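J.: Going by my numbering, the sequence shown wraps up at 65, each residue one higher than the last. Have a look at this one.
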Amino acid sequence: GEACAHLFAREQYNLVLTGRRLDRLEKLAKKLNTKYNIEVAVSSFDV
Numbered sequence: 019g020e021a022c023a024h025l026f027a028r029e030q031y032n033l034v035l036t037g038r039r040l041d042r043l044e045k046l047a048k049k050l051n052t053k054y055n056i057e058v059a060v061s062s063f064d065v
């Protein structure tokens, strides 16, 4: 998941990240936004 997010972000795609751990999602979103200057939305839920 995280590796794919970096691949898409590198190509300047804005992202929606989903998962169970909101803290991890927010940390990754901040990293991607800072590194690639893209918009990242997060949504935490358990399927």
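We put the beta carbon where it would ideally sit given N, CA and C, even for glycine. Note that the structure is a prediction, hence the values are computed from the model and not measured.
With distances taken between CB atoms, is the gap from LEU40 to GLU20 smaller than 8 Å?
T.: Taking 8 Å as the Cβ cut-off, LEU40 and GLU20 do not qualify as a contacting pair.
J.: Using the Cα positions of LYS49 and VAL60, report the straight-line distance between them to the nearest angstrom.
T.: So the two alpha carbons sit approximately 13 Å from each other.
J.: Identify the continuous alpha helix (DSSP H) that holds ASP64 and give its terminal residues.
T.: Run containing ASP64: none; DSSP gives neither H nor E here.
J.: Exposed or buried, what is VAL65 when buried is set at 16 or more other beta-carbons lying within 10 Å of its beta-carbon?
T.: Exposed, by the Cβ-count rule.
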